[in-house]
Amino acid sequence: MASTQASFHSNSLQETVRPLAAFPENIWSDRIAPFTPDKEEHEMYEREIEMLKAEVNSTLLATGKTMMERFDFIDKIERLGVPHHFDIEIENQLQEFFNVYTNFGEYSAYDLSSAALQFRLFRQHGFNVSCGIFDQFTDAEGKFKESLCYDTRGLLSLYEASHVRTHGDEILEEALAFTTTHLTSGGPHLDSTPAKQVKYALEQPLHKGIPRYEAWRYISIYEEDESHNKVLLRLAKLDYHLLQMSYKEDLCEITRWGKELESVSKFPYARSRFVECYFWAVGALYEPQYSLARMTTAKAGAVLTMIDDIYDAYGTLDELQILTSSVESHILPACQSTVAGDFIRNSARSPRIDSQGVRIRLAQYQKQQIQEGTGCQCPKFRALLVPVEDEINELPQQWRTTEMLGLWKNYMRTSFTQSRWFFTNKLPSFADYLSNGAITIGAILVSSAALLYMDCALEDVINWLSTNPKLMAAYSTHMRLMNDFGGHKFDKERGSGTALECYMKDYNVSEEEAARKFREMWEDTWKVMNEECLRPTPIPRDVLKMLLNITRWCMLMSSRDWPYECRQYQLVKNEEMFNGKVREPLTIVSFALQHQAAFKEANACSLLALSQSSSLPWSMRPAPHYKVNFDTSISTIKQGFGIGVVIRSYDGQFIVEEQIV
11 MASTQASFHS
21 NSLQETVRPL
31 AAFPENIWSD
41 RIAPFTPDKE
51 EHEMYEREIE
61 MLKAEVNSTL
71 LATGKTMMER
81 FDFIDKIERL
91 GVPHHFDIEI
101 ENQLQEFFNV
111 YTNFGEYSAY
121 DLSSAALQFR
131 LFRQHGFNVS
141 CGIFDQFTDA
151 EGKFKESLCY
161 DTRGLLSLYE
171 ASHVRTHGDE
181 ILEEALAFTT
191 THLTSGGPHL
201 DSTPAKQVKY
211 ALEQPLHKGI
221 PRYEAWRYIS
231 IYEEDESHNK
241 VLLRLAKLDY
251 HLLQMSYKED
261 LCEITRWGKE
271 LESVSKFPYA
281 RSRFVECYFW
291 AVGALYEPQY
301 SLARMTTAKA
311 GAVLTMIDDI
321 YDAYGTLDEL
331 QILTSSVESH
341 ILPACQSTVA
351 GDFIRNSARS
361 PRIDSQGVRI
371 RLAQYQKQQI
381 QEGTGCQCPK
391 FRALLVPVED
401 EINELPQQWR
411 TTEMLGLWKN
421 YMRTSFTQSR
431 WFFTNKLPSF
441 ADYLSNGAIT
451 IGAILVSSAA
461 LLYMDCALED
471 VINWLSTNPK
481 LMAAYSTHMR
491 LMNDFGGHKF
501 DKERGSGTAL
511 ECYMKDYNVS
521 EEEAARKFRE
531 MWEDTWKVMN
541 EECLRPTPIP
551 RDVLKMLLNI
561 TRWCMLMSSR
571 DWPYECRQYQ
581 LVKNEEMFNG
591 KVREPLTIVS
601 FALQHQAAFK
611 EANACSLLAL
621 SQSSSLPWSM
631 RPAPHYKVNF
641 DTSISTIKQG
651 FGIGVVIRSY
661 DGQFIVEEQI
671 V
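If you're matching positions, the sequence shown starts at 11 in my numbering and goes up one per residue.
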């Protein structure tokens, strides 16, 4: 049953019932530590990174290496999170290999691990290679040879390759079933490290993992490999650390912008999720050149979340009708005005009043409601339209009032449709719900916000988005299904219909059967996305990668049976996630939360910059620990231990864990 709240106007006994939701409080309001990077330190890291890049590049392009050695090195570069430094070199090498070895069916000199690695890398980069490379590993009936079940390394590589399959790749369907069966049964009998890798892969395939998080994991795994390339490892650590410094700066700006928006006081019924939305942005676009795109994406996501809560958890049907009609009728003239784009630019200001048309219409409505004694709260919503208007004003004049405007209008329109279903207790058909929900999930809007600061032909990409191509349809559908599946229990308790309930009603099946079907649909949307990312593509590959990364984030947020509105909160609060995966200072927000108070007390906030984000977990550290006397100046500590030393608070003590210079 929906959570409601009754309010009465002083001149009327008429009750206003609102569909309020019990959202968790914002845990980040005062927990993000101020951060200003040390310019000298930043420049020092940049200089060393440039030298390391030159060495890695020489290794990548060195003559005398076999094709398999080159593939393996490219895979290491990508898994360690530094492919953005070698985009051109990697592209050229893969293109060269693809031109020479297109017909893999003619070659049988590969072992299973090598063949699967080559196939996966080609597909992930959009090269449509044939599955024929795997024919040599099947018997006369087309089944994988049972002798392969003892090749754990090969099975794991084939398992990872199976996740880049498209429709029609029947041998990869067989590969997924075959490898899953044997890895599941054989994994527990492996040595500790391989067993952990197998267990993790079965839970989180590499192709569906978030690149930043996967890099964090792989750095420690790669460091354990005795044959690791020390220069490449050093580059991965420093690059990750340097990017973390940039993320911390962005995060401070995002939280400042959120406070100046005064969202908590103006919209207390809505979620204030600026920090969580920045998490999404980092997951989607982690590369250094996309700082502004990350900021824009985070702000768009935060505003979208509050608008969603107006429709889903506050407004009455009458209020929402007026709000939607106002946007439909009057946001266009407002967007043709010259309004500063504070939604996107780093400088932020307090929200101002909305367009003249919206103001007049809402004022008239409020006056009418006051006269009737109902006391409508709709004017409170106006401030949220300002960032929307400002975002659109950043777009080129020739289409700022068409495609982009249409995206926002359509979002508001479909949100109202969903609210009307809720207020009238209507459970729509699964097809209608999914068609509407693919828009209200906001995936297209958040993606379009990021495009403003990406290196692409903006108009072409927005035009492509507006045609609802197969990739975007699969992308939005996947996110809606994942969202509703993860939030089913929470929404059901509120009395709000979900895709799962609609499917159960339409097909007269149990919740378990509907859940099984949803998993099949998720896999189907992944096949579509994989297929649409194969060359040639109508949009740049960086845009495609962003869309896949947002999908990957959605999978992470929906991977446990948490209520949707609690999910981002639980990502850092849940004991398992925090201790097992987030506690190490790689995730910027968890680090700030865990160590801000201790660093502030020690007057050593600048040492946040020294936190080597890619250091090993405690259990893996062979080096001794050294206590640091914080009566000593920070400069003395830098001189004594070297810039780059890992300094962390552990059980109340500051400890030097590793000297990396």
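All C-beta atoms in this analysis are idealised placements derived from N, C-alpha and C, irrespective of residue type, glycine included.
At which residues does the alpha helix (DSSP H) containing residue i begin and terminate?
i: S237; result: From DSSP, S237 is part of no alpha helix (DSSP H); its letter is neither H nor E.
i: R304; result: 301-323
i: R423; result: 413-433
i: P204; result: 202-213
i: T191; result: 180-196
i: G496; result: 480-496
i: I454; result: 453-461
i: R80; result: 77-89
Measuring only between beta-carbons, confirm whether residue i sits less than 8 Å from chain C.
i: R529; result: Reference to chain C is not applicable here, since this structure consists of a single protein chain.
Under a three-way DSSP split, which group does residue i fall into?
i: S339; result: helix
i: R227; result: helix
i: V27; result: strand
i: T148; result: strand
i: F284; result: helix
i: F277; result: coil
i: F440; result: helix
i: F96; result: coil
i: F154; result: strand
i: R133; result: helix
i: G164; result: helix
i: W474; result: helix
i: S172; result: helix
i: V519; result: coil
i: V66; result: helix
i: Y636; result: The pLDDT assigned to Y636 is 31, lower than 50, so where the model puts this residue is not dependable; a value taken from the coordinates is nonetheless given after this. It is a strand residue.
i: A219; result: At residue 219 the sequence reads Gly, which differs from the Ala that was named. Of the three classes helix, strand and coil, the one that applies to G219 here is coil, per DSSP.
i: Y9; result: No statement about residue 9 is possible, as the shown extent of the chain runs from 11 to 671 and does not include it.
i: E35; result: coil
i: A525; result: helix
i: L295; result: coil
i: T514; result: Here the sequence assigns Met to residue 514, which means Thr is not the residue at that position. Reduced to three states, the DSSP call for M514 is helix.
Return the chain-ordered list of same chain residues with a C-beta closer than 8 Å to the C-beta of residue i, the five sequence neighbours on each side being excluded.
i: A525; result: F495, L510
i: L455; result: A310, L314, L417, W418, Y421
i: D149; result: K155
i: T190; result: Y169, L212
i: I181; result: C141, F144, D145, T148, G152
i: F108; result: F132, F137, V139
Going along the chain, which residues of its own chain have a beta-carbon closer than 6 Å to the beta-carbon of residue i, five neighbours each way excluded?
i: K63; result: H95
i: W474; result: P548, I549
i: Y324; result: R28, Y279
i: A350; result: Caution applies to A350, whose pLDDT of 23 falls short of 50 and renders its modelled position unreliable; the value that the coordinates give is listed next. Result list for A350: empty, nothing under 6 Å.
i: H217; result: H173, V174
i: K269; result: none
Kindly list the residues whose CB is nearer than 7 Å to the CB of residue i, restricted to its own chain and excluding five residues on each side of it in sequence; keep chain order.
i: R551; result: G136
i: L554; result: C543, T547
i: P215; result: E170, H173
i: Q408; result: Confidence in Q408 is poor, its pLDDT being 43 and thus under 50, which makes the residue's placement unreliable; the coordinate value appears in the next sentence. Correct list: empty, nothing qualifies.
i: M489; result: I451, A453, T561, C564
Thinking just about the alpha-carbon of each residue, which of the options is nearest to the one in residue i?
i: T487; options: E530, M514, A459; result: E530
i: F440; options: L491, F147, A453; result: L491
i: R130; options: L104, Q146, G152, E151; result: L104
i: E183; options: H52, D201, D97, F154; result: F154
i: M556; options: V274, D465, E99; result: D465
i: P47; options: T434, C512, M255, F528; result: M255
i: I88; options: K537, Y250, K49; result: According to the sequence provided, residue 88 is Glu. The question's Ile does not apply to it. Minimum Cα distance to E88 is reached at Y250.
i: L444; options: A467, T434, G507, T265; result: G507
i: S202; options: G178, F81, E234; result: E234
i: W267; options: R423, V241, V285; result: V285
i: N435; options: K502, I472, E51; result: K502
i: K209; options: S273, I229, T162; result: T162
i: P298; options: R283, R281, R222, S339; result: R222
i: Y517; options: D470, P438, D534; result: P438
For the region 469-485 and the region 310-330, state whether three or more C-beta atom pairs, one from each stretch, are separated by less than 8 Å. Judged by Cβ distances under 8 Å, the region 469-485 makes no contact with the region 310-330, as fewer than three pairs qualify.
If you pair each beta-carbon of the region 232-247 with each one of the region 88-102, do three or more pairs fall below 8 Å? Because the criterion of three Cβ pairs below 8 Å is met, the region 232-247 and the region 88-102 touch.
How about the region 424-438 and the region 252-264: do they share at least three Cβ pairs that are nearer than 8 Å? no
Given 8 Å, three or more beta-carbon pairs between the region 77-87 and the region 121-128: yes
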